[in-house]
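The sequence shown begins at 360 in our numbering and counts up one residue at a time.
C-beta: ideal position from N, C-alpha, C; glycine also.
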Amino acid sequence: MIVLIPAGCNNSNSKRIPLAKAGKSTLYLDQVTVLVPPGTPATDSTALVKNYINSWAKRELMYQKAEENITSDLMKDIDNQVREARMNLVIYQYQRQLMLQKMDTTISDTELENYYLNNKGNFVLNSNIVKVLFIKLPQETPGLARIRNLARSNNQAGLHQLESLCYQFAEKYDDFKDDWVSLDQLMAEFPSVINNQENFLRNNTFYETLSADSAYIYMLTIRDYRLRSAIAPFEYVRDDIKRIIWANRRLEFIQSLENGIYNDALKKNIFTLLNK
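Structure below.
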């Protein structure tokens, strides 16, 4: 049963003002006012509050009906699940708080490099990766031949000119000459499919193709590559290594914390084995 309780029935400002009652539960004004943004027109806020009260009542009544009719075994199981969930949440927040306070989160370049050298076998490439220059230009771009020649060049001054021209005319210009990128990811930008990537990489340093409607020219300058099944370069897996080291530290920190609390409880007889 839902009963709407007028605010005027409670004259004491020190007490919470009830708005509605649904079975054993009461909804108070302070629970609702926080839902109404400042400056909301009166008609809108009234509608918002009414909708919330109805939703709250339906949920409360459903919960109470379920609680009355669910079997005792199921209720015990629910209580156990709630207790387990609460324990997990409290433990997680406590561990997180201690980690923020006490765990060293600094990972040096030397530590990253040493981990890589000692675990190279774990960093085998599952795709081909490249360092490339990728350009997408409209077919009618002026000075196309010059752009093509500059894209093939390794001359620093020429590459600066190329960058300037591409910023003027290119639809897309990505310079990955210092960063490794997956060739599969790059090929998603291309209109044509390269069926044998390994042969393609071995036999090309520059590749050019047209879009299906011939409106765009795609240029790819390959500076370096590594084939799948090879050991990944350190730079390519650097962030992965950082995550691994951090996860290992976190695990060690938690295990040390658990063991410390356990051993302390044994010493102080907080934890004892009964019926040994």
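- Listed in chain order, the beta strand (DSSP E) elements of length 3 or more contained wholly in the segment 483-537 are 488-497, 531-534.
- Under the DSSP definition of a beta bridge, E567 partners with M578.
- Within the segment 572-627, the runs of beta strand (DSSP E) at least 3 residues long that lie entirely inside it are, in chain order, 575-585.
- Secondary structure note for L378: its beta strand (DSSP E) is the uninterrupted segment 377-381.
- Distance from the CA atom of W605 to the CA atom of S486, rounded to whole angstroms, is 25 angstroms.
- In this model, K424 and G382 are separated by some 10 angstroms (Cα to Cα).
- Taking C-beta separations shorter than 7 angstroms and ignoring five residues to either side along the sequence, the partners of M546 in its chain run I553, following chain order.
- Secondary structure note for T469: its alpha helix (DSSP H) is the uninterrupted segment 468-477.
- For D463, same chain residues with a beta-carbon under 8 angstroms away, outside a window of 5 residues either side, are R608 in chain order.
- For V540, the secondary structure class from DSSP, reduced to helix, strand or coil, is strand.
- The continuous beta strand (DSSP E) containing L386 extends over residues 384-387.
- When C-beta atoms of the segment 452-466 are compared with those of the segment 507-524, fewer than three pairs fall below 8 angstroms, so the two segments do not count as touching.
- Contact check between the segment 609-625 and the segment 496-508: fewer than three CB pairs, one atom from each, fall below 8 angstroms, which does not count as touching.
- Around the C-beta of F493, 16 or more other C-beta atoms lie within 10 Å, and the residue is accordingly described as buried.
- Looking from the CA of E472, the closest CA among W415, E594, P396 belongs to E594.
- Nearest Cα to A379 within the set V395, E419, P397: E419.
- The alpha carbon of D598 has as its nearest neighbour, out of P400, R505, Y453, D468, the alpha carbon of D468.
- In this structure, DSSP gives M446 a helical state, which the three-state scheme calls helix.
- Between Y451 and I600, the C-beta gap is not smaller than 8 angstroms, which leaves the two residues out of contact.
- Judged by DSSP secondary structure, K374 falls outside any alpha helix (DSSP H); it is assigned neither H nor E.
- Within 10 angstroms of the beta-carbon of V491 lie 16 or more other beta-carbons, which makes it buried.
- Here the alpha carbons of N634 and K409 stand approximately 59 angstroms from one another.
- With contacts defined by Cβ atoms closer than 8 angstroms, I488 and S541 form a contacting pair.
- As the crow flies, the alpha-carbon of I466 is around 30 angstroms from that of R582.
- About 4 angstroms separates the CB atoms of L579 and Y566; that is less than 8 angstroms, so the two are in contact.
- Annotation: the continuous alpha helix (DSSP H) that includes M421 extends over 401-428.
- With fewer than 16 other Cβ atoms inside 10 Å of its own Cβ, I429 counts as exposed.
- Judged by their CB atoms, S588 and L476 are not nearer to each other than the 8 angstroms cut-off.
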